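Sequential numbering of the sequence shown, starting at 760, is according to my numbering.
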Amino acid sequence: MKKTTRFRKLLESDTLEFMCEAHNGLSAKIVEEAGFPGIWGSGLSISSQFGVRDSNEASWTQVLEVLEFMSDVTTVPILLDGDTGYGNFNNMRRLVRKLEQRKVAAVCIEDKLFPKTNSFVRGTAQPLADMEEFCGKIKAGKDAQGDDEFSIIARVEAFIAGWGLKEALRRAEAYHKAGADGILIHSALGVADEVLAFKKEWGGRSPVLIVPTKYYSTPTGVFRDYGFSVLIWANQILRSAIRAMQKTAGILKSEETLTAVEDKIAPVKEVFRLQGMDELETAERLYLPRQGENTAVVILAAARGKDLGVLTENKPKAMVEIAGQPLLAHIADAYNAAGLKDITVVRGYKKDTVNLPNLAFADNDAYADTGELYSLKAALDTIREPRDLIIAYGDVLVRKYILQILLESAAPFTIIADTNWQEGVNRNRFADYVECSEALSRRTFNSVVTLKRVSTPADILECGRIHGEWVGALRVTADKFAVLRSTLDGILCEPKNRNAEMGYLMNALVRRGEAVRVLYTTGGWLDIDSVEDILLAGSFA
Ligand code: SPV
Ligand code: MG
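And the structure:
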């Protein structure tokens, strides 16, 4: 049901209905949750939450902004306290159109002069609007509304200004004739006499609304018996918030600790609930790319890196500084940038120096006489549930796109091979050269290339068979987690394999009949084996 329709139903229902004040999105939501079928957008409260006076100091468009937030987070109708309509008939027309755009159901205007003063501030000194002029304003508003069920309430301030019942009735009648959908009769007395007298005379000519802020001691049943249409609690949410804020601020200032307030204020999770964080989380699952979210990364960083000499005397290679931060931090940054946040680093040599934030650690304390697979086992032992995995070297810098290519692969096992492998040969070191089902060519664009063999120290690949160099990252999908684990255990149960490296594992997987997908690339990575590499890495990072 439209909000305008819902407000009309409240206005025209034959029982007394209650509306409650709100002054921003949060309070509007709270009022709706409390069960109120409608919200009073109080001028006093909205100006107060801005910290200004209820004297049209906040511009009407600033009020409108607040109304928009209130309307967006609620489903019940809002009746705006529109003061005097913020100008003449012309301003009123524009106000009505803007309110309708924001799904505000109704506006109440009072017959005073702009800039208005709150009715409880020297009321009898307040001049009333010219009655005819005010009728024109009502008519203009009614003619401006696009939705037939938008409502305009005319607020009669005759009692406030000290003019008495006769004037109140005369004005109410004129406003009714001008098209007002209801009359709000206001009074600043501590008893309800004025509004009761008015209602008695007015009868059922049109719905009557009241604001019993001052005559609050009158039992609500009296208003019910008199047949008032809507009762408005006009400022109590604001006033209770003021008291609570003053109290908490005072305690915090004097006690200088949260312990005195923590269990007396709303928990942060209540703030999140009111903000609708649940919905956002659901939407994120629906709309945000989730690449990498379920992937755990294992970085093998237990080795010292002897070839770096004094640089690794007191820390492992992974912690050697490159461009101002440890190699491992650069590696973690690249993985983070690809959406990979769950990173376990296997430490060994000088493990206490490997202590970067936001990383998990597993230790291979036997690093001195074991190899990479032994370290991998230490990491897998910390990962209980089957997960997608990326196993990577702790001395290899990679560009983010390399990781993205790896993550996009649908294959159960995937590696990246650099076709520019000849460069490495000149560097006179052992490298993870790979022989594949096919060399890179135009044909491989459409075919699935798989791994045949990785060069290992015990079984070095001859030059003629090399198709690329493994860049040091293997991706395994969760459904092959068990295969990976059992292959690894099978290797490590043999004492002679204590020193086995990653190439050995990949060859074992191939021998078991697993297809290890190879994606070719050129460059985009750098392994750090020498002091010269560190210098190169500075510009890479
Ligand atoms: C308001 O809530 O701003 C009102 C009602 O206009 S009163 O303050 O009682 O005049
Ligand atoms: Mg007001």
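C-beta atoms are modelled at their ideal positions from N, C-alpha and C, and glycine is treated no differently. The structure presented is a predicted model; accordingly, all values stated were derived computationally and were not measured.
Expressed to the nearest angstrom, what Euclidean distance is found between the alpha-carbon atoms of G900 and A913? 11 angstroms
Answer yes or no: the CB of R953 versus the heavy atoms of the ligand SPV, is any distance below 7 angstroms? It should be pointed out that residue 953 corresponds to Glu in this sequence rather than to Arg. No, Cβ of E953 sits at least 7 angstroms from all heavy atoms of the ligand SPV.
Cα-Cα separation, W799 to G923: 26 angstroms
Pick from L928, G1249 and N783 that is closest to S965, judged by C-alpha positions: L928
Whole angstroms are fine: how far does the CA of L854 sit from the CA of T764? 19 angstroms
Tell me whether Q808 is buried or exposed, calling it buried when 16 or more other Cβ atoms sit within 10 Å of its Cβ. buried
Can you tell me whether A865 is helix, strand or coil according to DSSP? strand
Give a single yes or no on whether H945 has its beta carbon closer than 7 angstroms to a heavy atom of the ligand SPV. yes
Close-in-space but distant-in-sequence residues of the same chain around N1073 (CB under 8 angstroms, 5 per side omitted): K1109 and T1112
Under 8 angstroms: do the segment 1227 to 1241 and the segment 1141 to 1161 share three or more Cβ pairs, one atom per stretch? yes
Of the listed residues M829, D1288, S814 and R812, nearest to A1062 (C-alpha basis): D1288
Less than 7 angstroms between the CB of T876 and some heavy atom of the ligand SPV, yes or no? no
List in chain order: all unbroken alpha helix (DSSP H) runs of 4+ residues lying wholly within the segment 1030 to 1056. 1036 to 1046
Thinking C-alpha only, which one of P1085, P874 and A817 is nearest Q885? P874
Does the beta-carbon of Y1046 have 16 or more other beta-carbons within 10 angstroms, so that it is buried, or is it exposed? exposed
Measuring CB atoms only, is the segment 771 to 788 touching the segment 979 to 994, in the sense that at least three cross pairs come out at less than 8 angstroms? yes
Quick check on this structure: which residue in S910, T843 and Y845 has the alpha carbon closest to the alpha carbon of K768? S910
Please determine, among E869, R852 and E859, the residue with the shortest C-alpha to C-alpha distance to G841. E869
Where do the N-terminal and C-terminal ends of the alpha helix (DSSP H) with W819 fall, by residue? W819 to D831
By the 10 Å Cβ neighbour count, where 16 or more other Cβ atoms means buried, how is F982 classified, buried or exposed? buried
State yes or no: is the C-beta of N1095 nearer than 7 angstroms to some heavy atom of the ligand SPV? no
Over the uninterrupted beta strand (DSSP E) stretch that includes F1172, give me the two end residues. F1172 to D1177
Between the C-alpha atoms of G1083 and G1297, what's the straight-line distance to the nearest angstrom? 9 angstroms
Taking the straight line between their C-alpha atoms, what separation do you get for D728 and W819? Past the edges of the chain, shown from 760 to 1300, lies residue 728, and the structure says nothing about it.
Compute every distance between the C-beta of V880 and the non-hydrogen atoms of the ligand SPV, then say whether any falls below 7 angstroms. no
From the DSSP output, in three-state form, read off A1151 for me. strand
Is the beta carbon of Y974 less than 8 angstroms from the beta carbon of G938? no
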